[in-house]
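According to mature numbering (1 follows the signal peptide of the UniProt record, and there is no 0), the stretch in the sequence shown is residues -19 to -1, 1 to 339, in order. For every residue, glycine included, the Cβ atom is placed at its ideal position computed from N, Cα and C.
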Amino acid sequence: MAPLVFFSAILALALPLAASPVSSVSSNSSNTSTCTTPIVRKEWRRLSSCQKKSYIKAVQCLMNKPPITSVADVPNVKTRYDDFLATHIVQADECHFTAIFYPYHRWLLHNYELALADCGWTEGQPYWDWTLDAGSPYDFVNSPVFDAKTGFGGNGALVPGNFSNPDPDVLLISPLDLPDHSGGGCIDDGPFAGLSTSLGPFANVTGTSPYCVRRDFSYNALTTNSGAASVATQMASPNFGTWDYNTEFSIHPGGHWAIGGIYGTMSDKWSSVADPLFWLHHSNLDRAWWSWQTRDLEARVTDFSGPLIAFDYSNALGGNATLETEVYIGLTEKLSITVKDAMHIQQGPFCYTYDEIY
């Protein structure tokens, strides 16, 4: 199935520089800085076992720290990790299928990376290069990111059913069938076994009953949308508008649906942050954007266009976003920048690079 066709049903719902483990930034304000030694974000399998465990420990730290979001703003927020989940839930409709999709998630990732540093992890947000695991179903299910000891755990237990006839006891997340879905149960191994949340599913931030984070692997979703051929196709996009539109229907959903399937949390546009693999997926998506930008960096740090309102690609409802459009995260403490400030990963508030690019 072609990438665009595959994801159409969802309408219903700089090159590496010298680096040290901690980026060095001199700054007179949060949005004006000089990046001298950017932090290096690395592919998960290039971290040592010790580093992998340290990163996971930092994520668990966030899941045990108190939130900065007020319960007056989000009644069910309980942890520092929930701060990021909650803001993504509340903002999902304004930051998906709009022009700010990429700047928003770059800003979200940056602030998550800073929060990880407060928990002792200062070596950059790792990424998951989907193309390394898209070669075969065996490669996918045996990816190091799913390792039970030095990864995030694997698939959930098989839940029967399909889109037309789902299991009556498990919430259907997908808006279309994925015939090769192979799980659907709660995470049952690894450091996040039994992980649950009280935020979501979907846009719910006021429910009171915790539910488990589920995984439901779909290899076809990955290889069709986020394999090497799809990435190469998107890299040929002539401008940001084309890049943004095409990748929101291809490499972006591919990673989500590969892990989330029809029942899994990663398939939830709003609440996918509840699965810690969200961050590795979106770090690679940011890496893909940066890879595309570096093909003509001088032009592409100002190449930006797209709708302000979701799916309004004809600009009938709200017009285009611009480089001066505000991007923010946070619900109690609002952290904002302009799109212009988010166009380069070693300017403004950012100081990082990737160990390699596409």
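query, result
"Strictly by DSSP, which residues pair up with leucine 316?", "Ile310"
"So is serine 30 buried or exposed if we call it buried at 16+ other beta carbons inside 10 Å?", "exposed"
"Can you find at least 3 beta carbon pairs, one from the stretch 143 to 150 and one from the stretch 226 to 240, that sit closer than 8 Å?", "no"
"Output the residue ranges of the alpha helix (DSSP H) runs that lie fully inside the stretch 253 to 313 and measure 4 residues or longer, sorted by chain position.", "258 to 275 and 278 to 281"
"Quick check on tyrosine 339: does DSSP put it in helix, strand or coil?", "coil"
"Considering only the beta carbon of each residue, do glycine 137 and tyrosine 244 sit closer than 9 Å?", "yes"
"Do proline 288 and phenylalanine 121 have their C-beta atoms closer together than 9 Å?", "no"
"State buried or exposed for phenylalanine 292, treating a residue as buried only when at least 16 other CB atoms are found within 10 Å of its CB.", "exposed"
"Kindly indicate which residue of Val40, Val71, Asp74 and Ala73 has the alpha-carbon position closest to the one of threonine 60.", "Val40"
"How about serine 218 and tryptophan 273: do their beta carbons lie closer than 9 Å?", "yes"
"Determine the closest residue to alanine 280 out of Phe221, Ile37 and Thr18, with distance taken between C-alpha atoms.", "Phe221"
"Where aspartate 74 and valine 320 are concerned, what is the direct C-alpha to C-alpha distance, given to the nearest angstrom?", "18 Å"
"Compare the Cα-Cα distances from serine 286 to each of Gly132, Ser264, Leu153 and Met324 and report the closest residue.", "Met324"
"Rounded to whole angstroms, what's the CA-CA distance from tyrosine 192 to glycine 165? Just pull it up for me.", "13 Å"
"To the nearest angstrom, report how far apart cysteine 42 and alanine 297 are at their CA atoms.", "45 Å"
"Measure the CB-CB distance between arginine 87 and glycine 134 and report whether it falls below 9 Å.", "no"
"Could you tell me the alpha carbon to alpha carbon distance between proline 234 and threonine 50, rounded to whole angstroms?", "28 Å"
"What alpha helix (DSSP H) runs, 4 residues minimum, are completely inside the stretch 142 to 170?", "none"
"For tyrosine 200, count neighbouring C-beta atoms within 10 Å of its own C-beta (all shown protein chains included) and say buried if the count is 16 or more, exposed if not.", "buried"
"Rounded to the nearest angstrom, what separates leucine 159 and alanine 202 at their Cα positions?", "8 Å"
"Tell me whether the beta-carbon of threonine 204 lies closer than 9 Å to the beta-carbon of alanine 115.", "yes"
"May I ask you to report which of helix, strand or coil DSSP gives tyrosine 119?", "helix"
"Which of the three DSSP states, helix, strand or coil, is assigned to tyrosine 244?", "coil"
"In the DSSP output, which residue or residues are listed as bridge partners for residue 357?", "Because the chain in this structure spans residues -19 to 339, residue 357 falls outside the shown range and cannot be described."
"Is the stretch 182 to 190 close to the stretch 88 to 101, with three or more CB pairs under 8 Å?", "no"
"May I ask which residues mark the beginning and end of the alpha helix (DSSP H) holding isoleucine 70?", "61 to 76"
"Can you name, in chain order, every residue of its own chain whose Cβ lies under 8 Å from the Cβ of proline 182, other than the five neighbours on each side?", "Leu152, Ile154, Tyr192, Thr246, Asp249, Trp251 and Ser252"
"Use the C-beta contact count for tyrosine 83: other C-beta atoms within 10 angstroms, 16 or more gives buried, fewer gives exposed.", "buried"
"From which residue to which residue does the alpha helix (DSSP H) around valine 40 run?", "30 to 43"
"Hey, quick one: how far does the beta strand (DSSP E) through tyrosine 21 stretch, first residue to last?", "The sequence as given places valine at residue 21; tyrosine does not occur at that position. From DSSP, the beta strand (DSSP E) with valine 21 extends over 20 to 22."
"Quick one: what does DSSP say serine 14 is sitting in, helix, strand or coil?", "strand"
"Just to confirm the assignment, what range does the alpha helix (DSSP H) spanning serine 199 have?", "That residue, serine 199, is in no alpha helix (DSSP H); it is neither H nor E in DSSP."
"Which residues in the same chain as threonine 178 place their Cβ atom closer than 6 Å to its Cβ, once the five residues preceding and following it in sequence are excluded?", "Ala255"
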